[in-house]
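What follows is a short report on a single structure.
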Amino acid sequence: MKKAYLILHGANLNLLGTREPQVYGAETLAEINARLHALAQELGVSIRCFQSNHEGELIEALHGARAWADGVVFNPGAFTHTSIALRDAIAAIGIPVVEVHLSNVVAREEFRHRSLIAPVCLGSIAGFGWQSYALALRALAERSGTEVARQAS
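Going letter by letter, the sequence shown gives residues 1 to 153 in UniProt numbering.
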């Protein structure tokens, strides 16, 4: 069966392409999603993309992913530094989550240096623009493939 992943975009990411392009890049969210769909096809996996500026909707998306996703690529945006509720949702769902950020958050303002999300994630990737998402998706797809191969032997 084909592996499936949730690509979850948090607060303000709907403004990509126009919001501080010197920090976040010139790609729009639609362009990033299109690149990720092409990568998913190349990797032989499927993805569903979702964006919300509302913490509760992000939590619901994480909860819903339990029923169908093999993992989550998650850019929580500013919720990274503030949301215990998102941290708890990630800890509760029982599927691997990779935290991603377009910018190198530790090279920015001090309040961005601490992630409440990272301790409950499989890993974190930051600073590579839209490719942070691609690196995370590749890592999840390869990790899942390795685990499946190990379980079969």
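All C-beta atoms in this analysis are idealised placements derived from N, C-alpha and C, irrespective of residue type, glycine included.
1. Pull up the CB-CB distance for L58 and C49, whole angstroms please, since I reckon it's below 8 Å.
2. I believe G129 touches L102 by the beta-carbon criterion, under 8 Å. Please report the beta-carbon distance rounded to the nearest angstrom.
3. Is it buried or exposed for L16, if we count other Cβ within 10 angstroms and need 16 for buried?
4. Helix, strand or coil: which one does DSSP assign to V106?
5. Alpha carbon to alpha carbon, how far is H9 from E99?
6. Between the Cα of E110 and the Cα atoms of A126, H81, R87, which residue gives the shortest distance?
In terms of the structure at hand:
1. No, L58 and C49 are not in contact; Cβ-Cβ is about 13 Å, not under 8 Å.
2. 5 Å
3. buried
4. helix
5. 10 Å
6. H81
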